[in-house]
Amino acid sequence: MPHHALEIVLIRPLGPAELRDAARVLPLAANHDATRLMALVRAKTPHQAARRLRYRLGARLPIDVITTHYPDADHKLLLNVTFPAAAHAVLLDEARRAHQSPERFVELALHRALAQHADQEADRLDRAVHELLAHTTPAHLLSAVGHALTRLPERHTS
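The sequence shown lines up with residues 4 to 161 when you count with the numbering used here.
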């Protein structure tokens with residue numbers, strides 16, 4: 004049976020005792036501030052792995068979202084979300100009205116939101132470039148962008 008790499012996004016950071024307690028149930032790797040965890044879960048499918056992880060750790064951790072860490076053959080990630088009862092009822096009703104499964108309804112809503120975000124970001128960048136071009140030449144702007152992209156990122160110290 005294969006292992007599936009799952010990422011757990013938490014609602015809040017974990018304390019050291021909470022992390023130790025959860026890691027006794029299932030080996031976990033935490034990021035620097037314990038708001039995201041990684042786990043390898045043995046299961047036949049990614050869906051079963053996510054359900055198994057939620058069953059084993061759901062009562063111990065403030066889980067927001069579980070995702071597969073690697074995309075599948077269709078370049079998609081599994082998203083495992085548990086909605087509050089009221090939100091779940093609204094989701095089921097809206098999906099039924101759209102003649103879609105709840106999963107498909109959420110998938111399409113996410114695609115629309117991501118596309119809208121990409122469009123807004125493209126518009127924002129277009130406006131910023133036009134503002135910059137109002138005060139310089141395209142050659143100078145291109146040179147400055149090239150220079151900025153080739154510099155190493157600065158390290159932020161706290």
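Built from N, CA and C at the ideal position, the CB exists for glycine as well.
In this text, all values refer to a predicted model and were calculated from it rather than measured experimentally.
Item, Value
"Buried or exposed: which applies to T48, given that a residue is buried once 16 or more other Cβ atoms fall within 10 Å of its Cβ?", "exposed"
"Does DSSP classify L80 as helix, strand or coil?", "coil"
"Label L31 either buried or exposed according to how many other C-beta atoms from any shown protein chain fall within 10 Å of its C-beta, with 16 as the threshold for buried.", "buried"
"By the DSSP assignment, the beta strand (DSSP E) with T70 in it spans what residues?", "66-71"
"Starting from A142 and walking both ways along the alpha helix (DSSP H), at which residues does that stretch end?", "141-153"
"In the DSSP output, which residue or residues are listed as bridge partners for E3?", "There is simply no residue 3 to check, as the chain begins at 4 and stops at 161 in what is shown."
"Quick check on I14: does DSSP put it in helix, strand or coil?", "coil"
"Which residues mark the beginning and the end of the beta strand (DSSP E) in which L39 is found?", "The residue you asked about is not Leu; residue 39 is Arg in the sequence shown. Note, R39: beta strand (DSSP E), 39-45."
"Assuming P19 is part of the alpha helix (DSSP H), what are its boundary residues?", "19-28"
"In three-state terms, what does DSSP make of L9?", "strand"
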